[in-house]
Amino acid sequence: MKQNKRKTQGGFTLAELMVVIVIIGLLVTVVAPNVFQRLGTARSSKVKADIRALDEAVTMYIMQNQGRLPEGLEELVEEDINGNTYIKQTSVPKDPWGFEYRFETLGGSKYRIWTDGADNAPGGEGEDRDYDSEMLKAE
């Protein structure tokens, strides 16, 4: 007596695939906002740390150069007449969005270091928020 053996093929049913897709969709809707929020928080923390470090470097520059302000942040990475540099990096760091930090003198010994955020334009909220050294000193 000959038996017909049916060959079964392995695989997933349509219902199983749909369940997996629904689970992945739910995970993405729960996890993605948290990931993006943490990215924004990390960028904000980096901006604050960078501006504080640049502010300290400018303060050291002023102390070493008889109260004279640098003309720009680039002077902090170049050797001064005493052979000092005020930032250990070879160039001024950029903000987390790839833009250069800005520097301006405000008269006397006052100055401001800032970035305009992700949109690189004044004003804004969230990722587009502006950060500056005066604001950070007040925190």
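Residues 51 to 189 (the numbering used here) are what the sequence shown spells out, left to right.
Note that CB positions come from ideal geometry on N, CA and C, so glycine has one too.
Fair warning: this is a prediction, and the values are worked out from it, not measured in the lab.
### Message
With DSSP as the reference, identify every bridge partner of R152, one or two as the case may be.
### Response
W164
#### Entry: For Y181: DSSP bridge partner residues
Bridge partners of Y181: T165.
#### Entry: Start and end residues, alpha helix (DSSP H) containing V81
64 to 114
### Task
Classify I101 as buried or exposed, calling it buried when 16 or more other Cβ atoms lie within 10 Å of its own Cβ.
buried
### Message
For G117, tell me which candidate among K96, K160, F149, W147 has the shortest Cα-Cα distance.
### Response
K160
### Message
Helix, strand or coil, according to DSSP, for K138 in the structure here?
### Response
coil
#### Entry: Contact under 8 angstroms by Cβ, D178 with T165
no
### Neighbourhood of N132 by C-beta, 8 angstroms cutoff - its chain only, sequence neighbours within 5 removed
Non-local beta-carbon contacts of N132 in its own chain, meaning distances under 8 angstroms to residues more than five positions away in sequence, involve Q114 in chain order.
### Task
Would you please state the rounded distance, in angstroms, between the beta carbons of V142 and E129? I believe it to be under 8 angstroms.
About 15 angstroms separates the two Cβ atoms, so there is no contact after all.
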